[in-house]
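Some notes on the structure that comes next.
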Amino acid sequence: MAASLQPRLRVDRQQILAFRQRVGALDERMPKGAQSLRRAAWAGLQDSMPRAALLSLHARVHGIGSSTLDDPSLAQLWGPRYNAYVVAKRDFALFSLGRLPDDAKGASGPSARPSSCTRISPGGE
Amino acid sequence: MTDREAGSALRIGNSLRYATTTGTVAIRWEGARAPIVWTVDAPEIDADTARRELARRYLHVFGPATAHGLARWAGISRRAATAAVTSLEKALVPVRTPRGDEWLLAEDEPALRGAETATAPARLLPSGDAYFLLDGTERELLVPREDRRRRLWTPRVWPGALLVDGEIRGTWRRAQHTLRIDAWERLSRAAREAVEAEASALPLPVGDRAIDVVWES
Chain E
4 MAASLQPRLR
14 VDRQQILAFR
24 QRVGALDERM
34 PKGAQSLRRA
44 AWAGLQDSMP
54 RAALLSLHAR
64 VHGIGSSTLD
74 DPSLAQLWGP
84 RYNAYVVAKR
94 DFALFSLGRL
104 PDDAKGASGP
114 SARPSSCTRI
124 SPGGE
Chain A
-3 MTDREAGSAL
7 RIGNSLRYAT
17 TTGTVAIRWE
27 GARAPIVWTV
37 DAPEIDADTA
47 RRELARRYLH
57 VFGPATAHGL
67 ARWAGISRRA
77 ATAAVTSLEK
87 ALVPVRTPRG
97 DEWLLAEDEP
107 ALRGAETATA
117 PARLLPSGDA
127 YFLLDGTERE
137 LLVPREDRRR
147 RLWTPRVWPG
157 ALLVDGEIRG
167 TWRRAQHTLR
177 IDAWERLSRA
187 AREAVEAEAS
197 ALPLPVGDRA
207 IDVVWES
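Printed below as a string of structure tokens:
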């Protein structure tokens, strides 16, 4: 859906990048805790490259250690585009069931794989 | 049980990952071996509710954005993405950006209007980090120069991105304890020191050895 209403707000590149860095906690690290881990993983943390999710957490949260992915508030799954992702455990359904193909509600399978699903894969798969 | 063992037992080969959209398959993958898989309880919310919240998450982190962008990022159909965004329409505001008209969560409008450039000195973003997990013209917004886009979004495995003072200013790759940085421009001494401090703080299992930073440019 393209935005079809008359925009009341015009923004430039700098505003957008600053906004994304702020909401993505890339301007300032958050104190460590279940809430900040969830915020850091608000759109999931892609983990296709070994330890990528851990480093994404480190970029956003203080006190991340090599075993942080074992935190009980986190879970790992095949998420967007069927890549490995780390998400907050309480958000598991969003990144899994939320991608259930319309024509496969109850019958997901390879044929339901979107043709575009590899276009933004960092592994070049 | 690994995904391969489960796929073999179920006679579905490598297709097990497509069952993830049932919401009942969890994994543990640490990079070197096949993922361990197991089932979890079915979610308590329905698929439409989950997708609507997924769209809300996307619009917050990647906004201003479009339904087509959601489709690409999530790996869902454009129809499904459009339906999800449409269901949020009362919570959205249209925004004119350098890419055209896009959507923003209304609750994010004050933050976007007030977004100042308070930036971190340096961050080493890993391959696939959400900040540059972009496609098409989204990439042009983040990295205006085409030659630099080619160095970040490579045809094969992407490098990490070097975020310095709010801009992507290079890439990085690591092998064991050596981290190689390809800076796209001359960085100040303070910026280089900030990058090296970030490198030394990476939570990586490299034993007692410190990370060695190699500036390749």
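Sequences listed follow chains E and A, in order. Using this note's numbering, the letters of the first sequence map in sequence onto residues 4 to 128. Using this note's numbering, the letters of the second sequence map in sequence onto residues -3 to 213. By construction, the Cβ of each residue, glycine as well, lies at the ideal position given by its N, Cα and C atoms. Model, not experiment: these values are computed from the prediction.
By DSSP, does Thr45/A sit in helix, in strand, or in coil? helix
What's the gap between the Cα of Leu40/E and the Cα of Pro34/E? 9 Å
Below 8 Å between beta carbons: does that hold for Thr71/E and Leu48/E? no
Determine, for Ser196/A, whether the minimum Cβ-Cβ distance to residues of chain E falls below 8 Å. no
Assigned secondary structure, Gln49/E (DSSP; H/G/I helix, E/B strand, else coil): strand
Starting from the beta carbon of His56/A, find every residue of chain E whose beta carbon is closer than 7 Å, and list them in chain order. Val26 and Trp45
Inter-residue spacing [alpha-carbon to alpha-carbon] between Trp154/A and Glu136/A: 16 Å
Looking at the strands, I want to know which residues DSSP matches up with Trp211/A. Ile177/A
If you check the beta carbons only, do Val91/A and Leu84/A fall under 8 Å apart? no
Using a Cβ-Cβ cut-off of 6 Å (strictly less than) and excluding sequence neighbours within five positions of Asp204/A, which residues of its own chain qualify? none
What distance in whole Å lies between the Cβ atoms of Gly71/A and Phe95/E, which are believed to be in contact at a cut-off of 8 Å? About 17 Å; that fails the 8 Å criterion.
Exposed unless 16 or more other CB atoms sit within 10 angstroms - verdict on Gly82/E: buried
Bridge partner(s) assigned by DSSP for Asp97/A: Arg92/A
Answer with yes or no whether the minimum CB distance from Gln38/E to chain A is below 8 Å. no
Proximal residues, the segment 71 to 83 of chain E versus chain A, C-beta separation under 9 Å: Thr71, Leu72, Ala78, Gln79, Leu80, Trp81, Gly82 and Pro83
Please list the partners that Pro122/A has in chain E, where partner means a Cβ-to-Cβ separation under 7 Å. Met52, Ala55, Leu58 and Ser59
Please state if the CB of Leu120/A and the CB of Tyr127/A are separated by a distance shorter than 8 Å. no
Selection from Arg52/A, Ala118/A, Thr45/A and Ala38/A that minimises the alpha carbon distance to Ala193/A: Ala118/A
Measuring only between beta-carbons, confirm whether Ile23/A sits less than 8 Å from chain E. yes
Length of the line joining the Cα atoms of Val57/A and Ala5/A: 39 Å
Counting only beta-carbon separations shorter than 8 Å, does Ala91/E have a partner in chain A? no
Expressed to the nearest angstrom, what Euclidean distance is found between the alpha-carbon atoms of Pro94/A and Val191/A? 30 Å
Are Ala61/A and Arg74/A touching if we call contact CB-CB under 8 Å? no
Members of the segment 68 to 87 of chain A that neighbour chain E once the beta carbon cut-off is set at 9 Å: Arg68, Trp69, Ala70, Gly71, Ile72, Ser73, Arg74, Arg75, Ala76, Ala77, Thr78, Ala79, Ala80, Val81, Thr82 and Glu85
Under 8 Å, with one C-beta from each stretch per pair, do the segment 35 to 53 of chain A and the segment 90 to 104 of chain E reach the 3-pair mark? yes
Are there three or more Cβ pairs, one per stretch, closer than 8 Å when the segment 0 to 14 of chain A is compared with the segment 46 to 55 of chain A? no
If we ignore side chains and look at the alpha-carbon of each, how far apart do Leu148/A and Leu88/A end up? 31 Å
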